[in-house]
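Numbering (our numbering), first residue to last: 1164 to 1821.
Built from N, CA and C at the ideal position, the CB exists for glycine as well.
Since this is a predicted model, take the numbers as computed values, not measurements.
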């Protein structure tokens, strides 16, 4: 038995004092933020008086002192638990390990002293490897010191006793390590994390924190996967890809635990091994931490053309604390999921917290959700959910648990041929200012609807009120986010039979007006097609190009007339004023109701002003000025202009001659 005063040490595994080792004197040792604690732990997740460790003759006992974020041993919140050397525990977001003092009397942490054995520190132990720590080499060393068989028997008996002590149920809430949970038929290579290396899960580089495989996060067996977060931090990790059967149902399941103030989510990313399909992530509903492990699952159907999946694990810390995952599995399910609603050939699948619009077994639109994880963190509100029902032309989606500033995000259809570097998905918005097409990133306020795709892949998303919409196209795939607010009502239109027929009629009207010289009517009709029924790519392209061409032609005619008016003003040619004015009025009539008419009316007003002041100048002064201009003209090069200026020298009837 050890006789030294210091029998245990405490090592900080995380936080500002990571790696520091502190001796634990006999009696009661308190830990917390307040300066009157035996060990002061300065961290926002730790309470003023968080926990205490009582050093007894039989060992160490850890007790929570009513802390805000709790005390955990092996992933479970405890009130009181016995600790053995090598045990780890969490105070809020910080992890500690209990160490045995060195038997050589150095006062530093070391191995556990057993008479007849070397005292070198053993590797960190877990509940299932205590017996294995007494290996053949150790027994040989013991035999070299004592040749008696009884000592070896005592040694093995002592090791067995230690193992029994570690496994035996304890009082006051200290649970023994659970037996490893196996998942029959698990498609994930290792969801129990018993290899101790995170089983191939990779954290995204942009995340503030990364997941770790550790015994403190275990729900069963020795290890679990988890992360310790401060307020505002997040973590996101994905497994290695694994094969899935297209068109088959499967279930993602996991045991999830989080401290109060944290959220956990898990999901499945579906993709195709030949990259012909866009990867789409289906998230389960956000799970608010309550300090205990709970089992959750996410049923899904692998779409046509998709043949591989990756499990995604995410954690968000609204307050400081830890999130843990264990016993993660993807197992084949029974029959495919029934859709939440159907319309014509389309199905609306409600999966977790999202809705996906599917046609012929392949996703067209979605996931549509209010909380999307990306490599920049969580965008939105993870606890919001969507209900869906069929409508006359598609579906109506209604959200619940959305705040006033809620944003809805969705993934749109892929542009034709874009998997091989072809065209991107068409994105356009409708609003009070009419139709606008967009490329790459954009933001538009007062948007009443968004158009995505074309032809059979056309989707119109209608909002209950004008909203701000942000959009982007990346690798041919469109992404949208709309500030829908707490109303959270979204209409998805998928049928456009009547609208396409109306668009064809408007095209005929516009071309007839063009041929008749009613250019204003043609322009207004093309604009009406774009603003009301822009549902056929061919007609949208025609309306856009014809409207731009005709408008440009009208503005060019107007520019020629204005130039003629300016020449007439310079040379004081009243008859030229009148000619230009007459042509401008004809142009205004042809382009009635357009920008050309507005500009033409301005020109007519300028000409009227010039005519009204034409006779106010003294005739003699005017004639002398015109003669000066005439002398600068080359009659041989500009005979018509020369004749016109000379004609302007004819004085008005009754004018005085100088």
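Item	Value
Taking the DSSP output, what are the residues bridged to residue 1623?	1614, 1656
On a CA-only basis, which of 1748, 1775, 1256, 1552 is nearest residue 1763? Give me that one, please.	1748
In terms of alpha-carbon separation, which member of 1559, 1669, 1557, 1453 lies closest to residue 1691?	1669
Would you kindly work out how many angstroms separate the C-alpha atoms of residue 1705 and residue 1489, rounded to a whole number?	58 Å
Does the segment 1255-1264 come close enough to the segment 1194-1206 to have 3 or more Cβ pairs within less than 8 Å?	yes
Alpha carbon to alpha carbon, how far is residue 1398 from residue 1466? Give it in angstroms, no decimals.	28 Å
What does residue 1751 pair with, by DSSP beta-bridge criteria?	BP columns for residue 1751 are empty, so no partner.
Smallest Cα separation from residue 1178: which of 1638, 1484, 1694?	1484
Assuming contact is defined by CB atoms lying nearer than 8 Å, are residue 1598 and residue 1694 in contact in what I supplied?	yes
Short of 7 Å in beta carbon distance, which residues of its chain neighbour residue 1710, apart from the five on each side in sequence? Order them along the chain.	1686, 1689, 1690
Which value, in whole angstroms, describes the spacing of the CA atoms of residue 1504 and residue 1526?	14 Å
Closest by CA to residue 1667, which one among 1696, 1683, 1655?	1696
Under DSSP, the beta strand (DSSP E) around residue 1224 begins and ends at which residues?	1223-1227
Distance check for residue 1672 and residue 1496, CA to CA, integer angstroms please.	56 Å
Just grab the DSSP bridge partners of residue 1242 for me.	Per DSSP, none; premise fails for residue 1242.
Just list the residues that DSSP pairs residue 1606 with in beta bridges.	1633
Could you tell me if residue 1441 is buried or exposed, where buried requires 16 or more neighbouring beta carbons within 10 angstroms of its beta carbon?	buried
Within the continuous beta strand (DSSP E) that includes residue 1762, where are the two ends?	No beta strand (DSSP E) contains residue 1762, which is instead part of the alpha helix (DSSP H) from 1758-1775.
Where residue 1196 and residue 1245 are concerned, what is the direct C-alpha to C-alpha distance, given to the nearest angstrom?	23 Å
Three or more C-beta pairs under 8 Å: does that hold for the segment 1503-1517 against the segment 1380-1399?	no
How many angstroms separate the CA atom of residue 1594 from the CA atom of residue 1632?	11 Å
So if DSSP puts residue 1234 in a beta bridge, which residue, or which two residues, is it bridged to?	1254
Measuring alpha carbon to alpha carbon, tell me which of 1568, 1615, 1462 ends up nearest residue 1589.	1615
Can you tell me where the beta strand (DSSP E) holding residue 1527 begins and where it ends?	1525-1532
Hey, which unbroken runs of the beta strand (DSSP E) at 3 residues or more fall wholly within the segment 1456-1507?	1457-1464, 1471-1480, 1484-1495, 1504-1506
Starting from the C-beta of residue 1665, find all residues in its chain whose C-beta is less than 7 Å away, skip the five residues before and the five after it, and write them out in chain order.	1696
Can at least three beta-carbon pairs, one atom from the segment 1429-1443 and one from the segment 1368-1376, be found at a separation below 8 Å?	no
When burial is assigned at 16 or more other CB atoms within 10 Å of the CB, is residue 1530 buried or exposed?	buried
Assign residue 1428 to one of three DSSP states: helix, strand, or coil.	strand
Would residue 1481 and residue 1547 be called neighbours here (beta carbons separated by less than 8 Å)?	no
Under 6 Å Cβ to Cβ from residue 1224, same chain only, skipping five residues before and after it: list those, please.	1217, 1245
Starting from the C-beta of residue 1725, find all residues in its chain whose C-beta is less than 6 Å away, skip the five residues before and the five after it, and write them out in chain order.	1766
Could you tell me the distance, in whole angstroms, from the CA atom of residue 1618 to the CA atom of residue 1596?	25 Å
Measure from the alpha carbon of residue 1567 to the alpha carbon of each residue in 1533, 1554, 1360, 1698, then state which is nearest.	1533
CB-CB under 6 Å to residue 1678, same chain, minus the five flanking residues each way: which ones, in chain order?	none
Is it the case that the Cβ atoms of residue 1240 and residue 1231 are separated by a distance below 8 Å?	no
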